[in-house]
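Residue numbers (the numbering used here): 605 to 754.
Following this line, the structure appears as structure tokens:
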């Protein structure tokens, strides 16, 4: 009975490993996934990012204590929020589309491309952060491929 259980467990793990490997090898890049979204889905992503930033900035600024000056809290919240949120969703979608059109950016995660799009829309030079993000994405891609082979 124990031998049968061990054999079935080993078989299950082998099948699970092969399935995970197949999924990892065929998983689309972030760029492919983004390109597959409708315009409405892309706008929903941008809205979700803004909501997440609002929640985070609220927790960071309001959560600092009841004795804090409300004007100071509001100022900190605005600075936090404006540092991350792209005010025009249509421009954000267009900038992300343009960034993902470059195959070198295909494996940069959505949140990274969103941040880079915001910096680009603010007129900042994004060459260095793009290169760093590409290196991170390449490392992540290799790590996932290595894990898929196990």
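Glycine included, each C-beta is placed from N, C-alpha and C at the ideal position.
{"Check": "Tell me the DSSP secondary structure of residue 717 in three-state form.", "Outcome": "helix"}
{"Check": "Should residue 733 and residue 697 be called a contact, given that it needs their Cβ atoms to be closer than 8 angstroms?", "Outcome": "no"}
{"Check": "At what residues does the alpha helix (DSSP H) containing residue 681 begin and finish?", "Outcome": "674-688"}
{"Check": "Got a sec, what are the start and stop residues for the alpha helix (DSSP H) residue 732 sits in?", "Outcome": "731-753"}
{"Check": "Taking residue 649 as part of the alpha helix (DSSP H), name the residues at either end of that continuous run.", "Outcome": "643-666"}
{"Check": "Quick one: give me the first and last residue of the alpha helix (DSSP H) that residue 701 is part of.", "Outcome": "693-705"}
{"Check": "Quick one: Cα of residue 685 to Cα of residue 719, how far?", "Outcome": "12 angstroms"}
{"Check": "At what residues does the alpha helix (DSSP H) containing residue 727 begin and finish?", "Outcome": "That residue, residue 727, is in no alpha helix (DSSP H); it is neither H nor E in DSSP."}
{"Check": "Identify which residue in 664, 722, 665 and 637 has its Cα closest to the Cα of residue 689.", "Outcome": "722"}
{"Check": "Would you check if the distance between the CB atom of residue 711 and the CB atom of residue 741 is smaller than 8 angstroms?", "Outcome": "yes"}
{"Check": "Between residue 716 and residue 691, is the Cβ-Cβ spacing less than 8 angstroms?", "Outcome": "no"}
{"Check": "Select from 752, 747, 706 and 743 the residue whose C-alpha is nearest the C-alpha of residue 731.", "Outcome": "706"}
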